[in-house]
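The listed protein sequences derive, respectively, from chains A and B. Heads up: the first sequence runs through residues 11 to 266, numbered per this note's numbering. Heads up: the second sequence runs through residues 13 to 275, numbered per this note's numbering. Beta carbons: idealized from backbone N, C-alpha and C, even for Gly. Have a look at the structure below before the remarks.
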Amino acid sequence: MPAYIQGRNVNLTFRPLNRAPVRALSNFDIDVQEGEFLSIVGPSGCGKSTFLNILLGLIKPDSGELLMHGRKISGPGTDRAMVFQEFGLLPWRTVTNNIELGLELKKLPAAQRAAIAERLVSLVGLTGFESHYPHELSGGMKQRVGLARALATNPDVLLMDEPFAALDAQTRDLMQVELLRIWREARKTVLFVTHQIDEAIYLSDRVMVMSKRPGRAKKIFAIDLPRPREYEMRVTPEFNGLKLEIWNTLKDEIAI
Amino acid sequence: MAAETSPQRSFALRHRNFLLGAVAVVLFFAAWQAIFLIVPFDPLFISKPSLIAAGFVDLIESGDLIHDLAVSAVPFFVGLIAAVIIGVPLGIVMGWRVRVGYALDPLMTVFYASPLVALAPLLVIFFGVGVTGKAIIVFSLAVFPFIFNVCAGVRTTDRLLINVVRSLGGGERDLYLKVLFPSVLPYIVAGARIAVGRALIGVLVGEFFAASEGIGYAISRFGDIFAIDRMFGCILTVMAIAVVLTEGIRWAERAAFPWRTGQ
């Protein structure tokens, strides 16, 4: 059976005005199974975020094939939604209205929007903050809104571009636990880009290590740790073994 | 604790900014009044606060001032509202559609920099001595702060928010309504603060050239008949209105954009 998301020979070169062109992705291949949690780690600037933006439909690749459910991806669609690193909340909208954004764009009636928003507010644990503005929320709460907004349109695939990178370490740990809980309930295919190997292992079914720019898939690790995953799992020998293996694959690609 | 033991001082502290401004205004008029005790100015050409106050009371009692203000208010608000209706969308499009921006920017800058006031007589000839001519003078002065501010506002709009709306399936129309317009609201208000001053000048200039009533006409008529006290009464009234409008906009800005209080 073909993979749910299938990328073959995806190439992309950025051509900024008055600058040398930058090759972001070179013959990038990827296969993602339905319902899978796949993380992508790689050195800074290797094109991992670029790939998510291509998958989201915001950037068109120069060549190659990118299929979802057997259909070519040619632009944004409600079957995919992104959770952004810098949250991307509209500052003039309350929590509820931010969550309803995608539903509004889909022209859903107000009553239906409100019902969905209410359910998601409770799913991401923001009950009581419905009418707060983003500037009144902590970083972790902002990203809960970002996650709820992405889930609101009920996409099949959730794209997460270093969603917890702007959070402090403790909030980040908590959000990882929360994400696994929400993922269990919402049952989505997740593509998760991160710099943290711990985070990738803890969350994922598989972890892809990307090469330095121009990015391609270097190696894929299956994470056969049992679910549901407890926080204590992070100190087991199995976990640390995987961490070391992934680090050894990744470190050759990192240049400072 | 300090607040309980000395409430008077806390009042002064709380309103410190306002009080400092008020003291400066009072001192200014006191000094103006006082200088007449030393220098014997010719009262034909310059007046002093006590006489201006008397003239002002006169104007209020006769009802002339209120009438003139009401007459001037019509082209002022018509021109200003037209400036918002035309200037804001034009500024948003110029900021968002880069080619439109490059195409129109030089033209707009030329108009903005040109002495439009000098064209006032022509506008009066084209559009007559009624409300239309004056409203067009007001419009042509007040529209540019909106265009330029809003255009600059669009260019500082967070690209991420554009991507968010696009990724959720939003089209061009959604970008205008759900991202660009709300994000330039504070720039519209900033533009309005400048536009109000220019619009007042527009009304006065329009009425200097061709009018039989209105506050600008009153100022020029009192000047012509050397009724300096009443002329200054009118000028100070216009100044007070400018201050009230500008401060009103500032207050509305704080009240209207609750999401900005954290910034």
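{"query": "Distance, residue 167 of chain B Cα to residue 52 of chain B Cα", "result": "57 Å"}
{"query": "Backbone secondary structure at residue 255 of chain A - three-state DSSP", "result": "helix"}
{"query": "Contacts of residue 66 of chain A in chain B (Cβ-Cβ under 8 Å)", "result": "179"}
{"query": "is_contact[residue 173 of chain B, chain A] using C-beta, thresh 9 Å", "result": "yes"}
{"query": "Whole-angstrom C-beta distance between residue 228 of chain B and residue 84 of chain B, which should lie under 8 Å", "result": "6 Å"}
{"query": "Three CB pairs or more closer than 8 Å across the stretch 95 to 102 of chain B and the stretch 150 to 161 of chain B", "result": "yes"}
{"query": "Cutoff 9 Å: residue 139 of chain A Cβ touching any chain B Cβ", "result": "no"}
{"query": "Contacts that residue 111 of chain A makes with chain B (C-beta to C-beta distance below 9 Å)", "result": "176, 177, 180, 182, 190"}
{"query": "Under 9 Å between C-beta atoms of residue 48 of chain A and residue 33 of chain A", "result": "no"}
{"query": "Under 7 Å from the C-beta of residue 92 of chain A: neighbouring residues of chain B", "result": "179"}
{"query": "Test: residue 149 of chain A CB closer than 9 Å to a CB of chain B", "result": "no"}
{"query": "Between the CA atoms of residue 68 of chain A and residue 95 of chain A - distance to the nearest angstrom", "result": "16 Å"}
{"query": "Assigned exposure category for residue 29 of chain B - 16 Cβ within 10 Å defines buried", "result": "exposed"}
{"query": "Residue ranges of each alpha helix (DSSP H) within the stretch 70 to 144 of chain A, 4 or longer", "result": "105 to 109, 111 to 115, 120 to 133"}
{"query": "Meets three-Cβ-pair contact criterion under 8 Å: the stretch 256 to 275 of chain B and the stretch 201 to 208 of chain B", "result": "yes"}
{"query": "Cβ shell of residue 45 of chain A (< 7 Å), same chain only, five flanking positions each side left out", "result": "197, 199"}
{"query": "Beta-carbon contacts of residue 268 of chain B that lie in its chain and below 7 Å, excluding the five residues immediately before and after", "result": "none"}
{"query": "Same chain, Cβ closer than 6 Å to residue 275 of chain B, five either side skipped, listed in chain order", "result": "Note that residue 275 of chain B scores a pLDDT of 46, beneath 50, so its modelled location is shaky; the value from the coordinates is reported in the next line. Taken in chain order, the list of residues that qualify is empty."}
{"query": "Contact between the stretch 69 to 80 of chain A and the stretch 123 to 143 of chain A (3+ Cβ pairs under 8 Å)", "result": "no"}
{"query": "Cross-chain neighbours of residue 257 of chain A in chain B, by beta carbon under 9 Å", "result": "Neighbours of residue 257 of chain A on chain B: none; closest Cβ ~31 Å, over 9 Å."}
{"query": "Chain B contact for residue 81 of chain A (CB, 9 Å cutoff)", "result": "no"}
{"query": "Three-way DSSP call (helix, strand, coil) for residue 14 of chain B in this model", "result": "Its pLDDT being 44, under 50, residue 14 of chain B is placed unreliably by the model, and the measurement read from it follows with that caveat. Looking at residue 14 of chain B - three-state DSSP - the assignment turns out to be helix."}
{"query": "Under the three-state DSSP convention, the category residue 221 of chain A falls into", "result": "coil"}
{"query": "Reference residue 66 of chain B; option with closest CA among B:56, B:188, B:244", "result": "B:244"}
{"query": "Cβ-Cβ distance between residue 180 of chain B and residue 115 of chain A below 9 Å", "result": "yes"}
{"query": "CB contact below 9 Å: residue 57 of chain A versus chain B", "result": "no"}
{"query": "Neighbourhood of residue 104 of chain B by C-beta, 8 Å cutoff - its chain only, sequence neighbours within 5 removed", "result": "162, 163, 166, 188, 192, 193, 196"}
{"query": "9 Å Cβ cutoff, residue 197 of chain B in contact with chain A", "result": "yes"}
{"query": "Cutoff 9 Å: residue 163 of chain A Cβ touching any chain B Cβ", "result": "yes"}
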